Amino acid sequence: MPMNEEKPQAESSYWLMQPLIFALLLALGFSLGVFFNGSSNVQIIKSDKSRSVSSGSMHKLGEILNFVQTKYVDSVDVDQLADVAARAILEELDPNSYYISREETSAVNQRMQGNMEGIGVEFFVFRDSLHIIDVFPGGPADNADIRTGDIILSVNDSLVTGMDRSLENIMTLMRSEPARPVRLELLRPSEEEINEIIVTRGTVPINSIGASYLIDDNLLYVKINSFTSRTYREFMESIETKISDSEEFDLILDLRHNPGGYLQEAVKILSQMFGQSGLELVKTRGYSSQERVYRTTGQQFFRVGKVAVLIDGASASASEIIAGVLQDLDRAIVIGTHSYGKGSVQEHYRLRDNSAIRLTVSRYYIPSGRSIYKKVEDDYYSSDVTDETFDVGKTFLTANGRKVFEGRAIEPDILIDQDSFLTKRSYSMFRNTINRLAFVYFRESLGTTEDITSKGSAVDIPVQWKEDFLELAEEEFGNRDIEEDLVNYSDRVKNLLMARIARYEHGPAGYYKQLNHNDPFVIMAKEALYSDYHYQAMLQK
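What follows is the structure, encoded as structure tokens:
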């Protein structure tokens, strides 16, 4: 995520899937933006407003840089100063307009396309060793048969285990120019021999669908992490592999901690929720930009029945569009906490030196006519959200006449209390200890006759797990003063520990299958969807 980008401050158990680890795929993350990438079901209305920059303003910037270059007392890098000026100008506009340097541009563009450059692994340092904790499917490491649980001993003949190397130094060793090989020496727990593997950096596909699985015969859970240029296709494929074309199914759409992305991908997913053509979904308007109205295509490929959408304080932009549109049209029940509240659209403009800017060009409005911009200055992601938290704007009506409000971001139909565990001062230590202990148990299971996750989503852990947890917390952080919290939140911690083990063994789908057993968001969604009467009653005035 760009350094000057405003981002949600929410914490959630989702971050247990993204611990303090260091990916070999270094790139900027998603900005909290909605971006255009072309669409066929959009009506464009021309604007009669335009602006131009005065020649005096343009000359002023050039004059200043010229004086600095020719008159300043010391040698200066004028290109660097120009970058600083560009960042300052865009920061003055709004939190979501920003400058992208030449060095950052490629990584940002790849991320938005759903790709990253690297070998395709994540690792962390634990007990003086470099452990691989994830291998991205379809990446160079996956193709080279590198596996979760492998220990990296050396990189290009430089030892990286048992040494006091900084993580930055390790990352430098792991990087190479694209198409150039990296030679790794790996120790696999199930084998005694050291393996030498040569892997070449390349494009690593990052699937925006975090998980997709059937909770029961006709209830599908889909977790969308972000909206890249491939999200709609990946979403449809995640349904196609589990549901037949003629089969009606209910859907839990999990958009928690989804920062947004391409607007058109969200619109195409929305269009699958409606059978009719031409239904207005969202419109965008700006001072000098053309008004765009996005509508349904009428090409519904699956029979989607009842829908529940899960959101939290880090659901932003395109995520909020989906939740807000389905709420305004009474097509889904929205469950969770208030969303982030970002209601603007950015466009990407490349500059002559291959740097770029992302500029806010318009705001978007959902079918009731409301903007979902959050009118509150301070972060409100806590368990104490009340009506007084927000500067409430106008009242609008959904298709069935239910009241919805502008200025509150997306307010759920069913509000879930914030988990107090996530707000504990000790949470960061819990999170990191959970990740490490799960890895210990996972590693101990490798090479054994019985897989630790052989029972599917029901993961077994040792009966003494609490003592193991406290010992590891003391070993890693020199602190056992979390025993009281461990007792109070033992069920929560145990489920997170089991979910993390499932993540190491089965990937994201295994993680969410286990985690969702005790997730109050998912439990509430199941209750709402299993009762036709309850579901329909909630969508009425």
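Quick note: the sequence shown uses the working numbering, first residue 1, plus one each step.
In this text, a Cβ means the ideal position worked out from N, Cα and C, and glycines have one as well.
Since the structure is predicted, the reported quantities are computational estimates derived from the model, not experimental observations.
Helix, strand or coil: how does DSSP classify residue i here?
i, result
"Gly542", "Outside the displayed range of the chain (1 to 541) lies residue 542, so it cannot be described from this structure."
"Arg111", "helix"
"Ile21", "Summary for Ile21: the model assigns pLDDT 32, below 50, so the residue's position carries little reliability, and this model does not support an answer."
"Lys526", "helix"
"Gly510", "helix"
"Asp245", "coil"
"Lys283", "strand"
"Gln346", "strand"
"Ser31", "A caution first: Ser31 carries a pLDDT of 41, below 50, which makes its placement in the model too unreliable to give a value."
"His257", "coil"
"Phe302", "coil"
"Ser57", "helix"
"Tyr364", "strand"
"Ala314", "coil"
"Asp134", "strand"
"Ser531", "coil"
"Asn225", "coil"
"Asn195", "strand"
"Ile333", "strand"
"Pro520", "helix"
"Val73", "coil"
"Tyr373", "coil"
Return yes when the Cβ of residue j is within less than 8 angstroms of the Cβ of residue i, no when it is not.
i, j, result
"Leu470", "Leu486", "yes"
"Ala528", "Tyr535", "yes"
"Phe302", "Ile215", "no"
"Gln418", "Thr337", "yes"
"Asp145", "Gly120", "no"
"Asn156", "Val135", "no"
"Ile335", "Ile206", "no"
"Arg292", "Ser97", "no"
"Gln110", "Glu104", "no"
"Ile410", "Glu320", "yes"
"Gln346", "Gln300", "no"
"Ile269", "Ile322", "yes"
"Arg363", "Thr284", "yes"
"Thr228", "Gln113", "yes"
"Val361", "Ser289", "yes"
"Ile434", "Arg500", "yes"
"Tyr294", "Val309", "no"
"Gly275", "Gly298", "yes"
"Gly324", "Ile252", "no"
"Ala356", "Ile100", "yes"
"Val68", "Val78", "yes"
Given a threshold of 16 other Cβ atoms within 10 Å of its Cβ, counted over all protein chains shown, does residue i qualify as buried or as exposed?
i, result
"Asn115", "buried"
"Glu91", "exposed"
"Leu93", "exposed"
"Pro367", "buried"
"Ala211", "buried"
"Met174", "buried"
"Glu247", "exposed"
"Asn169", "exposed"
"His59", "exposed"
"Ala88", "exposed"
"Ser339", "buried"
"Arg425", "exposed"
"Asn479", "exposed"
"Val76", "exposed"
"Gln80", "exposed"
Alpha carbon to alpha carbon, how far is residue j from residue i? Give it in angstroms, no decimals.
i, j, result
"Ala82", "Pro259", "29 angstroms"
"Thr203", "Pro140", "8 angstroms"
"Asp519", "Arg492", "9 angstroms"
"Val522", "Leu219", "12 angstroms"
"Arg102", "Ser428", "34 angstroms"
"Glu444", "Ile198", "27 angstroms"
"Thr386", "Tyr489", "Only weak support is given to the placement of Thr386: the predicted model assigns it a pLDDT of 49, under 50, and the question is left unresolved by the model."
"Met538", "Glu476", "48 angstroms"
"Ser129", "Ile311", "38 angstroms"
"Tyr72", "Glu63", "13 angstroms"
"Pro412", "Asn66", "54 angstroms"
"Glu406", "Ser344", "14 angstroms"
"Lys403", "Ile209", "32 angstroms"
For a test of your reading of the model: does the CB of residue i fall under 7 angstroms from any non-hydrogen atom of the ligand NAD? Yes or no.
i, result
"Ser244", "Annotation note on the ligand NAD: not contained in the displayed structure, which lists no ligands."
Cβ contact check for the stretch 219-226 and the stretch 185-196: 3 or more pairs under 8 angstroms: Judged by Cβ distances under 8 angstroms, the stretch 219-226 makes no contact with the stretch 185-196, as fewer than three pairs qualify.
Any 3 or more C-beta pairs closer than 8 angstroms across the stretch 352-360 and the stretch 327-334: Taking 8 angstroms as the limit for Cβ pairs, the verdict is that the stretch 327-334 does not touch the stretch 352-360.
The stretch 500-511 touching the stretch 433-441, judged by at least three CB pairs closer than 8 angstroms: Output reads yes: the stretch 433-441 touches the stretch 500-511.
Inter-stretch contact (C-beta, 8 angstroms, three-pair minimum) for the stretch 312-321 and the stretch 259-270: In short, these stretches touch, since the Cβ pair count reaches three.
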